[in-house]
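Participant: Could you have a look at this structure, given as C-alpha cells, before my questions?
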Amino acid sequence: MKTLQKTLLALAAGSLVSMGAQAAVSYGNGYTGQPYVGVKVGQFDLDVDGADKPTAYGVYGGYNFDPNFGIEAEYVGSDDADYYNGDIDAKSYGAYGTYRYQFPNTGLYAKGKLGVAKTKVEGNYLSSNSSRNTYSDSDTSLAGGVGLGYSVNPNFSVEAEYDKLGSDADLMTVGAQLKF
Numbered sequence: 001m002k003t004l005q006k007t008l009l010a011l012a013a014g015s016l017v018s019m020g021a022q023a024a025v026s027y028g029n030g031y032t033g034q035p036y037v038g039v040k041v042g043q044f045d046l047d048v049d050g051a052d053k054p055t056a057y058g059v060y061g062g063y064n065f066d067p068n069f070g071i072e073a074e075y076v077g078s079d080d081a082d083y084y085n086g087d088i089d090a091k092s093y094g095a096y097g098t099y100r101y102q103f104p105n106t107g108l109y110a111k112g113k114l115g116v117a118k119t120k121v122e123g124n125y126l127s128s129n130s131s132r133n134t135y136s137d138s139d140t141s142l143a144g145g146v147g148l149g150y151s152v153n154p155n156f157s158v159e160a161e162y163d164k165l166g167s168d169a170d171l172m173t174v175g176a177q178l179k180f
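Residues 1 to 180 in my numbering are what the sequence shown lists, from first letter to last.
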C-alpha cells in the first residue's frame, strides 16, 4: 500500500475515532442508536491466476439502529502482492445492511451483512518475452459477509469476518471497533 494511501487511512480513522459520544440518539423505546468505527486487517483471496494473496487493510463505520439491525460502510485496500514478475493489488468499497445476534449471557455475537461492493484489482507484470503487461478488473456486485465478534465492554469489540466481494474476490479479516 502506498504511503499516501496509508496516511489517508490513518487520518480518516483518527477523525472518526475522535467523534464524541454525543452522536448517540435515543428513540424513546429504551434503546439508544449506536454509531461505531473500526479498523481491520486480513487477506484478499483473488481469483487471478499467478497472483499471491495481498494483505488487506481497512476502515469501516456504521450505525446500529437497535441491538440487531444496522448499516455499515467500509473501504479495504491492499499492499502489492507478487504477480508473476510484477505485482498486484486490490481495493474494495462497500455499503451493507447488518444483522447481529447476541448470544445470551455472553459478549459473543454473530454478524451477517448484505449489500453492494465495488472491487478493483490492478496488476502489472513482465511476460516471457520481457514486455510489460497490465491486468485490470473492476466489478460492482452484490456482496455479503459473516463473522463472529466479542464485546470486550459496551464500547469496544473485536471481530473476525469472511466477506464475498463478488465473483473474483474474497476477504478474510480481523478487526476492532469503537462504539460511541
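Ideal Cβ placement from N, Cα and C applies to all residues, glycine included.
(1) With D168 as the anchor, note down where its beta strand (DSSP E) starts and where it stops.
(2) Y96 lies in the beta strand (DSSP E); which residues open and close that run?
(3) Would the beta-carbon of V41 fall within 8 Å of that of T173?
(4) In chain order, what residues of the same chain have a beta carbon less than 7 Å from the beta carbon of F44, not counting five sequence neighbours either side?
(5) Here's the rule: buried if 16 or more other CB atoms are within 10 angstroms of the residue's CB, otherwise exposed. What is L142?
(6) Just how far apart, CA to CA, sit K118 and A81?
(7) Cβ of G33 within 8 Å of Cβ of Q177?
(8) So P35 and F180 are supposed to be a Cβ contact under 8 Å. How far apart are they, rounded?
(9) Counting beta carbon pairs with one atom in the segment 100 to 116 and one in the segment 62 to 72, are three or more of them shorter than 8 Å?
(10) Considering only their Cβ atoms, is the gap separating Y109 from G145 smaller than 8 Å?
(11) According to DSSP, simplified to helix, strand and coil, what is T32?
(12) Roughly how many angstroms separate the alpha carbons of S138 and E161, rounded to a whole number?
Facilitator: So, to answer that:
(1) As a first step, residue 168 must be located in the sequence shown, where it is residue number 168. Per DSSP, D168 belongs to no beta strand (DSSP E) and is neither H nor E.
(2) Position 96 of the sequence shown holds residue 96. Element bounds for Y96: 86 to 102.
(3) Your numbering for residue 41 matches position 41 in the sequence shown. Your numbering for residue 173 matches position 173 in the sequence shown. Yes.
(4) On the sequence shown, position 44 is the one that residue 44 refers to. Closer than 7 Å at Cβ, skipping near neighbours: K53, P54, A56, S78, A90, A169, L171.
(5) The residue labelled residue 142 in the question sits at position 142 within the sequence shown. Exposed is the call here.
(6) Counting from 1 along the sequence shown, the entry for residue 118 is found at position 118. Counting from 1 along the sequence shown, the entry for residue 81 is found at position 81. Whole-angstrom Cα-Cα distance: 20 Å.
(7) Numbered from 1 along the sequence shown, position 33 holds the residue referred to as residue 33. Numbered from 1 along the sequence shown, position 177 holds the residue referred to as residue 177. Going by C-beta atoms, G33 is not nearer than 8 Å to Q177.
(8) Mapped onto the sequence shown, residue 35 falls at position 35. Mapped onto the sequence shown, residue 180 falls at position 180. 5 Å between Cβ atoms; contact.
(9) yes
(10) For this step, residue 145 is matched to residue 145 along the sequence shown. For this step, residue 109 is matched to residue 109 along the sequence shown. No.
(11) As a working mapping, residue 32 is identified with position 32 in the sequence shown. Correct three-state label for T32: strand.
(12) Locating residue 138 in the sequence shown gives position 138, counting from the first residue. Locating residue 161 in the sequence shown gives position 161, counting from the first residue. About 23 Å.
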